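*Asks:* All the letters of the sequence shown, read from the start, carry residue numbers 1 to 334 under the UniProt record's numbering.
Glycine residues also receive a C-beta, built at the ideal position from the N, C-alpha and C atoms.
The structure displayed is predicted, hence computed values, not measured ones.
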Amino acid sequence: MPNQEYLSYLEHKEELVNNLGVSELPVVHIAFGINNAYARGMGITVFSILENNPDLAFHIHVFGSPLDEKSKSRLLELAIGHSLAITCYVFKESAFADLPLIGRYPQAIYYRLFTPYILADVTSKFFYLDADTLCLGSYKELHEKDISRYTLAAVNDTERARNKLCPHLGLTSGNYFNSGFLYINIPVWINKKTTERIIQTLAIHGTELKFPDQDALNIALEHEVLLLPKKYNLVCDIILNKVGKKTPVPEDTILIHYTGKCKPWHRWGMGELASLYDQYYEKSPWRNVPHDMPVSYKEMKRYAQALWHERQYMNSLRWMVKYMNSKVFRNHSL
Numbered sequence: 001m002p003n004q005e006y007l008s009y010l011e012h013k014e015e016l017v018n019n020l021g022v023s024e025l026p027v028v029h030i031a032f033g034i035n036n037a038y039a040r041g042m043g044i045t046v047f048s049i050l051e052n053n054p055d056l057a058f059h060i061h062v063f064g065s066p067l068d069e070k071s072k073s074r075l076l077e078l079a080i081g082h083s084l085a086i087t088c089y090v091f092k093e094s095a096f097a098d099l100p101l102i103g104r105y106p107q108a109i110y111y112r113l114f115t116p117y118i119l120a121d122v123t124s125k126f127f128y129l130d131a132d133t134l135c136l137g138s139y140k141e142l143h144e145k146d147i148s149r150y151t152l153a154a155v156n157d158t159e160r161a162r163n164k165l166c167p168h169l170g171l172t173s174g175n176y177f178n179s180g181f182l183y184i185n186i187p188v189w190i191n192k193k194t195t196e197r198i199i200q201t202l203a204i205h206g207t208e209l210k211f212p213d214q215d216a217l218n219i220a221l222e223h224e225v226l227l228l229p230k231k232y233n234l235v236c237d238i239i240l241n242k243v244g245k246k247t248p249v250p251e252d253t254i255l256i257h258y259t260g261k262c263k264p265w266h267r268w269g270m271g272e273l274a275s276l277y278d279q280y281y282e283k284s285p286w287r288n289v290p291h292d293m294p295v296s297y298k299e300m301k302r303y304a305q306a307l308w309h310e311r312q313y314m315n316s317l318r319w320m321v322k323y324m325n326s327k328v329f330r331n332h333s334l
């Protein structure tokens with residue numbers, strides 16, 4: 001399908017800011033696929049990237065539903081003192097109407113599959129990041145890396161994920177990369193009709209896939225990926241870590257990826273990994289936006305345990321009572 005046809009999928013394109021014209025720094029392109037609820041997470045990610053990469057300029061491409069004015073205003077603050085451009089792209093609701101719906105997953109899972117075509121006239125390569133990531137180091141070395149022979153570069157998921165998913169998906173290489181960080185080579189992606197191949201994989205195997213878009217990427221591109229060291233996408237699940245458990249982050253880590261349902265902006269996450277995230281959160285334009293409080297009884301229990309570990313005993317007991325009440329009433333309603 002020609003680039004122009006994919007461009008017709010866009011309903012709206014808006015350039016929020018662009019001060020790259022006054023900079024001589026090399027420009028790194030980064031794409032996100034989000035809705036407004038994840039604008040805060042994306043904003044902290046971008047803030048952390050800017051903090052750790054003063055020798056690079058960045059063009060941020062935001063794909064998804066429209067952002068509200070508060071989110072846009074905070075994103076504009078990021079451009080103060082930085083070489084930065086931010087462009088927002090909103091897809092038409094009808095754009096993916098003919099593509100297969102996979103279980104509970106929204107059609108937003110297709111966003112990243114179309115970004116290479118839409119960005120083809122802007123750059124030859126770009127990073128795709130999930131909005132639950134945090135940058136701790138420089139992208140300069142990776143930006144200069146030659147990926148010309150590969151469709152993309154990525155990082156293997158955890159050993160636990162590989163052992164479980166490789167046999168399930170029939171991946172003979174033993175590799176299974178996490179799609180929250182992708183370094184995409186646009187010319188190769190387009191020449192190999194990668195978007196079409198992944199959509200075909202979803203149409204054939206969609207109901208069998210646990211993580212539809214990520215699984216389909218791995219099936220279609222098993223032998224087309226340059227695997228990078230885990231420092232570029234260190235996968236961490238806050239909930240899998242017991243409250244108070246020390247989770248060492250290697251000094252050379254470039255990107256932390258907070259996978260799982262609990263995110264570092266959730267108050268019940270807490271712990272060492274969340275505290276690292278908060279160091280950036282509290283300096284960012286989102287510093288006055290409070291963390292999300294527990295809603296479900298499981299979140300309340302986790303929060304009570306974390307508060308107890310931090311010796312906030314009375315507050316912990318209050319949340320434990322809320323947890324027990326919430327769980328009892330939930331069971332009574334069944």
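Cutting at 8 angstroms between CB atoms, please list the residues of its own chain near Leu119, excluding the five before and the five after it.
*Replies:* These residues qualify, in order along the chain: His29, Ala31, His61, Phe126, Ile186.
*Asks:* Grab the span of the beta strand (DSSP E) containing Lys13 for me, first residue to last.
*Replies:* Looking at the DSSP string, the run of the beta strand (DSSP E) that includes Lys13 is 10 to 18.
*Asks:* Can you tell me the Cα-Cα spacing of Asn163 and Gly174, whole angstroms?
*Replies:* In a straight line, the C-alpha of Asn163 is about 8 angstroms away from that of Gly174.
*Asks:* Identify every run of the alpha helix (DSSP H) within the region 142 to 215, keeping only runs that are complete inside it and at least 4 residues long; order them along the chain.
*Replies:* Runs of the alpha helix (DSSP H) inside the region 142 to 215: 159 to 169, 186 to 191, 194 to 205.
*Asks:* Below 7 angstroms CB to CB, which residues in the same chain sit around Ile190 once its five sequence neighbours on both sides are set aside?
*Replies:* Same-chain partners within the cutoff: Pro116, Tyr117, Ala120.
*Asks:* Hey, would you say His257 sits closer than 7 angstroms to Thr133, going by beta carbons?
*Replies:* Their beta carbons are under 7 angstroms apart, which means His257 touches Thr133 by this criterion.
*Asks:* What did DSSP end up calling Asp237 once you bin it into helix, strand or coil?
*Replies:* Here Asp237 sits in strand by DSSP.
*Asks:* Taking only the alpha-carbon atoms, compute the straight-line gap between Thr247 and Lys92 and give it to the nearest angstrom.
*Replies:* Computed Cα separation, rounded: 42 angstroms.
*Asks:* Using C-beta distances below 6 angstroms, list every residue in its chain close to Phe96, excluding the 5 sequence neighbours before and after it, in chain order.
*Replies:* Hits under 6 angstroms: Gln107, Tyr110.
*Asks:* Kindly indicate the opening and closing residues of the beta strand (DSSP E) around Pro227.
*Replies:* Here residue 227 is Leu; the residue named in the question, Pro, does not match the sequence. Unbroken beta strand (DSSP E) run through Leu227: 225 to 228.
*Asks:* Does the count of Cβ pairs from the region 31 to 46 and the region 277 to 286 closer than 8 angstroms reach three?
*Replies:* Yes: the two stretches touch, three or more of their Cβ pairs being nearer than 8 angstroms.
*Asks:* So, with DSSP's three-state summary, where would you put Met1?
*Replies:* Residue placement at Met1 cannot be trusted, given a pLDDT of 45 that sits under 50; what the coordinates show is reported in the next sentence. Reduced to three states, the DSSP call for Met1 is coil.
*Asks:* Within 8 angstroms, do at least three Cβ pairs link the region 15 to 28 to the region 67 to 83?
*Replies:* As far as the Cβ criterion goes, the region 67 to 83 touches the region 15 to 28, which means the pair count is three or higher.
*Asks:* Is Ile256 a contact residue of the ligand MN, with contact defined as CB to any heavy atom under 6 angstroms?
*Replies:* This structure does not include the ligand MN; it has no bound ligands of any sort.
*Asks:* Would you mind working out which of Lys140, Ala37, Tyr9 sits nearest Phe58, comparing C-alpha positions?
*Replies:* When only C-alpha atoms are compared, the closest one is Lys140.
*Asks:* With a CB to CB cut of under 7 angstroms and the five nearest residues on each side skipped, what residues in its chain are close to Asn233?
*Replies:* For Asn233, where only same-chain residues beyond five positions count, the Cβ hits under 7 angstroms are Val155, Asn178, Gly180, Phe181, Leu255, His257.
*Asks:* Using only CA atoms, which one of His168, Glu24, Lys263 lies nearest to Asp237?
*Replies:* Comparing Cα positions, the closest option is Lys263.
*Asks:* List, from N- to C-terminal side, the alpha helix (DSSP H) runs of 4 residues or more that fit wholly inside the region 251 to 285.
*Replies:* For the region 251 to 285, whole alpha helix (DSSP H) runs of length 4 or above, ordered along the chain, are 271 to 281.
*Asks:* Would you list the one or two residues that DSSP bridges to Leu134?
*Replies:* Beta-bridge pairing links Leu134 to Ile256.
*Asks:* Apart from the five residues on each side of it in sequence, which residues of its chain come closer than 7 angstroms, Cβ to Cβ, to Met300?
*Replies:* Only Pro294, Trp319, Lys322, Tyr323, Ser326 meet the Cβ criterion.
*Asks:* Indicate the three-state DSSP secondary structure (helix, strand or coil) for Phe127 in the structure shown.
*Replies:* It is a strand residue.
*Asks:* Using the three-state DSSP reduction, which class does Val90 fall into: helix, strand or coil?
*Replies:* Strand.
*Asks:* First and last residue of the beta strand (DSSP E) that includes His29?
*Replies:* Taken as a continuous stretch (DSSP letters only), the beta strand (DSSP E) holding His29 covers 27 to 34.
*Asks:* What are the boundary residues of the alpha helix (DSSP H) that includes Ala304?
*Replies:* It spans 297 to 309 - the alpha helix (DSSP H) in which Ala304 sits, taken as one unbroken run.
*Asks:* Is the separation between the beta-carbon of Thr194 and that of Thr158 shorter than 7 angstroms?
*Replies:* Result no, Cβ atoms of Thr194 and Thr158 do not sit closer than 7 angstroms.
*Asks:* Answer with buried or exposed for Ser48, where buried requires no fewer than 16 other C-beta atoms within 10 angstroms of its C-beta.
*Replies:* Ser48 comes out buried.
*Asks:* According to DSSP, is Val62 helix, strand or coil?
*Replies:* Three-state result, Val62: strand.
*Asks:* Answer yes or no: do Ile102 and Leu169 have a C-beta to C-beta separation smaller than 7 angstroms?
*Replies:* Contact flag unset, no.
*Asks:* Would you decide whether Glu14 is buried or exposed? Buried here means 16 or more other CB atoms lie within 10 Å of its CB.
*Replies:* Exposed, because fewer than 16 other Cβ atoms sit within 10 Å of the Cβ of Glu14.
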